[in-house]
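Down below is the structure, laid out as structure tokens.
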Amino acid sequence: MNLAESLRLAVRSIRGHKLRAALTALGIVIGIAAVITFVTLGASVKAEVVGQFDDSPANRVFLVASPDDDGGPPAALSQPVFTEYDVGRIEDIEGVDRVVPRGTIATSALSHGGETVARDQVTATTPALFESVTFRAGGPFADAESGDACPAEMVVTPSAAALFPGNLSVGDRVSVTQRGNRTRNVTVVGILDGDAGLNPLAGFGSQPRFYLPSCAYDTVVTSPTTGTRQNVYPQVTVVAENPGDTAAVQDRVQDYLDAESDAAQLAPESYAVSAQTNDDIVQRIETVVDRLTQFVTGIAVISLLVGAIGIANIMLVSVRERTKEIGIMKAVGATNRDVLQLFLVEALLLGVGGALLGVPVGVAGGWIAVTYAELPLTLPLGWVGAAIGIGLLVGVVSGLYPAWSAARVDPIDALRYE
Amino acid sequence: MTGDVASGEPPAVELDAVSRTYTRGEPVYALDDVSVTLARGSYTAVMGPSGSGKSTLLNLVGCLDTPTAGTVSVAGEDVTALSSRQRARVRGEEVGFVFQTFNLMPRLTAEENVALPLVFQGVARAERLGRARDLLDRVGLGDRTDHRPSELSGGQRQRVAIARALVTDPAIVLADEPTGNVDTETGDRIMALLDDLHAAGNTILLVTHQRAIADRAERIVRLRDGEIEGIDAVDTGGAAR
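Sequences listed follow chains R and H, in order. Position 142 of the first sequence, counted from 1, bears residue number 142 in full-length UniProt numbering, the numbering being contiguous throughout. Position 97 of the second sequence, counted from 1, bears residue number 97 in full-length UniProt numbering, the numbering being contiguous throughout.
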């Protein structure tokens, strides 16, 4: 019997039990849809995060102190270990253009013109951060010379400005309530044009962010080298003079960190102080996102497995019900192989049909999840193709035993079967 | 296919010292040393009470079962030594079954049921449906080709089954109590159809427990307890060969 005839007969028997076939295929639809939804979400998160780094110039080296096991989340958990002494020393390293330290100031709220917005942190940094970005309005805050009064100035991202009704604009006065209810009154001097690539270590770029001068920073420590009280930062960005020298600068900075930095002495046990390039960080983030995606997808695969069991179950019932038909077919010349093929094709149709329906449902699910998370949609096309293959595989695997038992039916018994 | 037997041509079916033993707890002799030859174009009835081995004989000739001892030849081919795949081929090409309970595929139309044996022989769809329609015409169901078994009467179903048994132009038609599930009048019509087939040169082996039905054949093989009790020639009915 050729495949077209098996297909015709299989379609006929599926049509004979439309509801049953639909419910059976539904198991596969849900399984495939769940897998595609989660893989799409994972791919979209990865594309978004990695895209952020791609926007970041290639001449950056990021210094972080993070737990000394590979693949941990970078930077987000970075410890404040880089002192002002370290920042100064690194600025003197050959090939370094500038060094931008960054830390967070714990706050409870920001208010402007009677409107109060709850924020748990603002960012403290130096004007060097803004050298490579454009401003929508105004400009960077002044550099704080030691001994001078700290400039009461602030730079904000567009999304931060939008937190206040009627948006913040240059010249607006904002009071920042810091931890311990200390209030700092500052003037908005600049609104960025967005901060993509500016802050790759701190999460998604579209987050609202407020920048204060480093002199407002309040995390201090006694430098082990100089013995004086100094600001200590969790994140430092080193900008190389020449993008081609980034790797060499990375090595030299790492050598300094390992040999004589305050950071190495301040870092807690089991923490590593490291200089990483974009590529290093992208790799680590990809590892983390991949692992998360695999985990969630693994759960979705369980539902696919349940769907496969559903097909196997219904096919076994079907073999039972059609024992007599199997006997008739054998009496008129069907070989065991013909019968096996017939039932296998039927299981395969259920699997592939389920997969074909599951793909659009999964893509829709992925789109909804991605839209909800405000990420651009990235479709993992390979997986969409794989879903069809998985449907085939599920059909074959779950149909194999029922089809085999159908082929083994004894025609004499089967013809007597009522 | 003609009624006369050329001397060189093998008989349609030949059973030589065939025994079939089932072991269910203790051995049961369903058939014990049975030898019988069915010439081409002959019409033979097998009679006997239930448990006499009629169905076993039919299953052996139809390649659904294999003998414990002895040989069964269909169209000159010893089918006892064949693989299950080869026996499936013999069932499809050399044997046509007509069952008491019709045994039609419920989801297929009359013409698809008739054409089913050709599906397993790889005959193209258009050709096999054409042949099926011809045969349905022959059994008087030319206007029922698109009906499903559930839309047909018992007599019509049996005529579809007879058309199916003929579609491969088999060496022998095996009819197992073909009138067992229909009323007397319909049964008469089915028997008349079998008479027509015999007149047209088909070889028929009929199993029944009714003397009146068996009398329509040329010969009656009487079975009892798995052994041949006697073989009677029938004077009336079919012409002696």
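The C-beta atom is built at its ideal place from N, Cα and C for all residues, glycine as well. Just so you know, these numbers come straight off a predicted model, no measurement behind them.
Against residue i, what residues of chain H qualify as contacts under a CB-to-CB distance less than 9 Å, listed in chain order?
i	result
residue 315 of chain R	What residue 315 of chain R touches in chain H: nothing, since even the nearest Cβ is about 17 Å away.
residue 13 of chain R	107
residue 340 of chain R	The contacting residues do not exist; residue 340 of chain R stays about 12 Å from chain H at best.
residue 5 of chain R	119, 120, 122 and 125
residue 344 of chain R	Those within 9 Å of residue 344 of chain R in chain H number zero; the least Cβ separation is about 16 Å.
Whole angstroms are fine: how far does the CA of residue j sit from the CA of residue i?
i	j	result
residue 415 of chain R	residue 120 of chain H	18 Å
residue 25 of chain R	residue 342 of chain R	18 Å
residue 371 of chain R	residue 46 of chain R	15 Å
residue 356 of chain R	residue 134 of chain R	48 Å
residue 238 of chain H	residue 200 of chain H	For residue 238 of chain H, the predicted model reports a pLDDT of 45, less than 50, meaning its position is unreliable; a value from the coordinates is still stated below. Between residue 238 of chain H and residue 200 of chain H, the C-alpha separation is close to 12 Å.
residue 67 of chain R	residue 269 of chain R	9 Å
residue 209 of chain H	residue 401 of chain R	41 Å
residue 183 of chain R	residue 225 of chain R	33 Å
residue 368 of chain R	residue 412 of chain R	56 Å
residue 127 of chain H	residue 4 of chain R	15 Å
residue 309 of chain R	residue 315 of chain R	10 Å
residue 68 of chain H	residue 131 of chain H	38 Å
residue 169 of chain H	residue 135 of chain H	11 Å
residue 98 of chain H	residue 35 of chain R	52 Å
residue 4 of chain H	residue 96 of chain H	Per-residue confidence for residue 4 of chain H stands at a pLDDT of 48, beneath the threshold of 50, marking its modelled position as unreliable; the derived number appears in the next sentence. Residue 4 of chain H and residue 96 of chain H: Cα-Cα distance of roughly 21 Å.
residue 109 of chain R	residue 208 of chain R	14 Å
residue 380 of chain R	residue 48 of chain R	14 Å
residue 59 of chain H	residue 363 of chain R	56 Å
residue 227 of chain H	residue 336 of chain R	32 Å
residue 175 of chain R	residue 169 of chain R	14 Å
residue 137 of chain H	residue 143 of chain H	8 Å
residue 204 of chain R	residue 261 of chain R	Because the pLDDT at residue 204 of chain R is just 46, under 50, the model does not fix this residue reliably, and the point stays unresolved.
residue 50 of chain R	residue 94 of chain R	29 Å
residue 71 of chain H	residue 80 of chain H	6 Å
residue 8 of chain R	residue 109 of chain H	13 Å
Going along chain R, which residues have a C-beta under 9 Å from residue i?
i	result
residue 116 of chain H	328, 329, 332, 333 and 334
residue 93 of chain H	333
Which whole-angstrom value is the C-beta distance of residue i and residue j, which I expect to be below 8 Å?
i	j	result
residue 194 of chain H	residue 164 of chain H	Not a contact, Cβ separation roughly 14 Å.
residue 36 of chain H	residue 221 of chain H	6 Å
residue 224 of chain H	residue 44 of chain H	At roughly 17 Å, the Cβ-Cβ gap does not stay under 8 Å, so residue 224 of chain H and residue 44 of chain H are not in contact.
residue 107 of chain R	residue 97 of chain R	Not quite, the Cβ-Cβ distance comes to about 31 Å (not below 8 Å), so this is no contact.
residue 64 of chain R	residue 230 of chain R	Not a contact, Cβ separation roughly 19 Å.
residue 183 of chain H	residue 207 of chain H	Rounded, the Cβ-Cβ distance is 20 Å, inconsistent with contact.
residue 221 of chain R	residue 99 of chain R	Going by Cβ atoms, the distance from residue 221 of chain R to residue 99 of chain R rounds to 18 Å, so no, they are not a contact pair.
residue 333 of chain R	residue 171 of chain H	Actually they are not in contact, since the Cβ atoms of residue 333 of chain R and residue 171 of chain H sit about 13 Å apart, beyond 8 Å.
residue 394 of chain R	residue 311 of chain R	7 Å
residue 140 of chain H	residue 190 of chain H	Rounded, the Cβ-Cβ distance is 11 Å, inconsistent with contact.
Just the chain R side, please: which residues come within less than 7 Å of residue i by C-beta, in chain order?
i	result
residue 219 of chain H	By Cβ distance, chain R contributes nothing, its closest Cβ being about 25 Å from residue 219 of chain H, past 7 Å.
residue 64 of chain H	331, 411 and 412
residue 158 of chain H	The premise fails here: residue 158 of chain H is roughly 14 Å from chain R at the closest Cβ pair, so nothing lies under 7 Å.
residue 84 of chain H	336
In the DSSP assignment, find the unbroken beta strand (DSSP E) run with residue i in it and report its ends.
i	result
residue 26 of chain H	26–38
residue 106 of chain R	96–112
residue 155 of chain R	153–156
residue 104 of chain H	From DSSP, residue 104 of chain H is part of no beta strand (DSSP E); its letter is neither H nor E.
residue 233 of chain R	229–233
residue 230 of chain H	227–233
residue 192 of chain R	183–192
residue 121 of chain R	121–125
residue 137 of chain R	135–138
residue 116 of chain R	115–118
So the alpha helix (DSSP H) residue i belongs to, where does it begin and stop?
i	result
residue 93 of chain H	84–93
residue 213 of chain R	Taken as a continuous stretch (DSSP letters only), residue 213 of chain R belongs to no alpha helix (DSSP H), being part of the beta strand (DSSP E) at 210–213.
residue 425 of chain R	This structure does not reach residue 425 of chain R, given that chain R is present from 1 up to 418, and the question cannot be answered.
residue 13 of chain R	3–15
residue 297 of chain R	278–321
residue 178 of chain R	Careful: residue 178 of chain R lies outside any alpha helix (DSSP H), inside the beta strand (DSSP E) at 173–178.
residue 88 of chain R	84–91
residue 117 of chain H	110–119
Given that residue i touches chain H, what residues does it touch there, using C-beta distances under 7 Å?
i	result
residue 349 of chain R	What residue 349 of chain R touches in chain H: nothing, since even the nearest Cβ is about 15 Å away.
residue 16 of chain R	107
Residues of chain R with CB closer than 8 Å to the CB of residue i, please, in chain order.
i	result
residue 59 of chain H	412
residue 164 of chain H	332
Since residue i meets chain H, which of its residues come closer than 8 Å, beta carbon to beta carbon?
i	result
residue 42 of chain R	Under the 8 Å cutoff, chain H gives no residues; its nearest Cβ is about 44 Å from residue 42 of chain R.
residue 325 of chain R	105 and 106
residue 307 of chain R	Here the premise fails: no neighbours, minimum Cβ distance about 26 Å.
Open item on the list: Ignoring anything shorter than 3 residues, give me the beta strand (DSSP E) runs that lie fully in the region 139–222 of chain H, in order along the chain.
Closed with: 172–176 and 204–208
Task: Runs of beta strand (DSSP E) lying entirely within the region 38–78 of chain H, each at least 3 residues, in chain order - done: 43–47 and 69–74
Open item on the list: In chain order, what are the residue ranges of uninterrupted alpha helix (DSSP H) at least 4 long that sit wholly in the region 348–373 of chain R?
Closed with: none
Open item on the list: Quick check for students: name the residue ranges of the alpha helix (DSSP H) that lie wholly in the region 370–408 of chain R, counting only runs of 4 or more.
Closed with: 381–407
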